[in-house]
Amino acid sequence: MLASLLPPEVAVEEIFGDPEDAVLFPGEEAVVARAVDKRRLEYTTTRHLARTALARLGLPPVAIGTGGNREPLWPAGIVGSMTHCRGYRAVAVARAGAGAAGLGIDAEPHGPLPEGVFDTIARPDEMPALEALAAERPRVRWDRLVFSAKESVYKAWFPVARRWLGFGEASVGFVPVEEMSGTFTARILQSGAPITEMSGRWTIESGLVLTAVMV
Ligand SMILES: CC(C)(COP(=O)(O)OP(=O)(O)OC[C@H]1O[C@@H](n2cnc3c(N)ncnc32)[C@H](O)[C@@H]1OP(=O)(O)O)[C@@H](O)C(=O)NCCC(=O)NCCS
């Protein structure tokens, strides 16, 4: 599903569930040493998927630790992103310079956001287009799609910018291509931002909203 949102030079691995042969490498273990089982499993599975994806790029198996801002620590020369939600896990990696300076992926359940959340993540300038899209394509949960797109933007943004980006500091615009999939652009509105625009794709499949962006 997610591979359809990214170009072929990006290695994508996704799975529903947690494979029994997935293991943590030294350097990863400490991150989830005191975590509950659910967290440990999602962390272990995404690392397992990351090693499979990196092998497709010709890299040996290495630990993918976690930085001080929770960002995954990729091997030198690699950009990538991870997501997990409700039993679904996915990883996307690419060689830096193969057209990508940054990557962000996100998966969310295709259901309404909790009460009050949309108002805190959407900008007034995004509303007119979203209202028109909601009237045109009522089956799409546009509130959840905005949330997912902005989380993908943040995951691609952080490793490049090394600083926080608030939901109000990006303005997203969506273009449907098919009934439940399409493209989007994000304008970054933070002053002095090292990235000012990102483009991405979205799809709704198997009860999930999936988004991916490349810098
Ligand atoms: C970091 C954040 C985006 C993660 O999203 P989430 O829905 O909680 O969880 P997901 O499963 O989709 O993604 C989690 C993964 O994101 C990645 N991630 C977390 N922080 C990250 C960062 N600073 N930079 C890059 N990737 C990061 C990690 O790989 C993490 O999984 P792991 O801890 O198992 O390694 C979210 O918690 C957050 O803090 N959002 C606020 C910032 C934001 O989105 N701003 C919008 C800007 S327009």
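Using our numbering, the first residue of the sequence shown is number 2, and each one after it goes up by one. The C-beta atom is built at its ideal place from N, Cα and C for all residues, glycine as well.
Taking 8 Å as the threshold (C-beta atoms), are I79 and A1 in contact?
No answer is possible for residue 1: the residues shown for the chain start at 2 and end at 216.
Is any heavy atom in ligand 1 found nearer than 7 Å to the beta carbon of V37?
Here residue 37 is taken as the residue at index 36 of the sequence shown, counted from 1. Incorrect: V37 has no Cβ contact closer than 7 Å to ligand 1.
Using DSSP bridges, identify the partner residues of S172.
For the purposes of this step, residue 172 is taken as the residue at position 171 of the sequence shown. BP columns for S172 point to R188.
On the DSSP bridge list, what partners appear for F17?
By 1-based counting over the sequence shown, the position of residue 17 is 16. BP columns for F17 point to Y89.
Heavy atom of ligand 1 within 7 Å of T121 beta-carbon
Indexing the sequence shown from 1 puts residue 121 at position 120. T121 Cβ: outside cutoff for every heavy atom of ligand 1.
Thinking C-alpha only, which one of M2, L7, L3 is nearest D200?
Here residue 200 corresponds to residue number 199 of the sequence shown, with the count starting at 1. In the sequence on display, residue 200 carries Ser and not Asp. When each option's Cα is compared against that of S200, the closest is L7.
Rounded to whole angstroms, what's the CA-CA distance from E30 to G88? Just pull it up for me.
The count along the sequence shown starts at 1 and reaches residue 30 at position 29. The count along the sequence shown starts at 1 and reaches residue 88 at position 87. Looking at the two C-alpha atoms, the distance is approximately 21 Å.
Length-filtered (4 minimum) alpha helix (DSSP H) runs lying within the segment 58-126
118-122
Given 7 Å as the limit, tell me if S263 has its C-beta closer than that to any heavy atom belonging to ligand 1.
The displayed coordinates of the chain run from 2 to 216. Any statement about residue 263 would go beyond what the structure contains.
How far does the beta strand (DSSP E) with V214 in it extend, from its first residue to its last?
Here residue 214 is taken as the residue at index 213 of the sequence shown, counted from 1. Residues 209-215.
Under 8 Å, with one C-beta from each stretch per pair, do the segment 8-25 and the segment 43-60 reach the 3-pair mark?
yes
Return the residue from the list V154, I205, C86 that minimises the CA-CA distance to T197.
Looking up residue 197 in the sequence shown gives position 196. Checking every option, the nearest Cα to that of T197 belongs to V154.
DSSP state of V154 mapped onto helix, strand, coil:
The residue given as residue 154 occupies position 153 in the sequence shown. Helix.
Start and end residues, beta strand (DSSP E) containing M2
Looking up residue 2 in the sequence shown gives position 1. M2 -> no beta strand (DSSP E), and no H or E assigned at all.
Taking the alpha carbon of E206 as the reference point, which residue from M181, G193, V63 has its own alpha carbon closest?
On the sequence shown, residue 206 is found 205 positions in, with the first residue counted as 1. The shortest C-alpha separation from E206 is found at M181.
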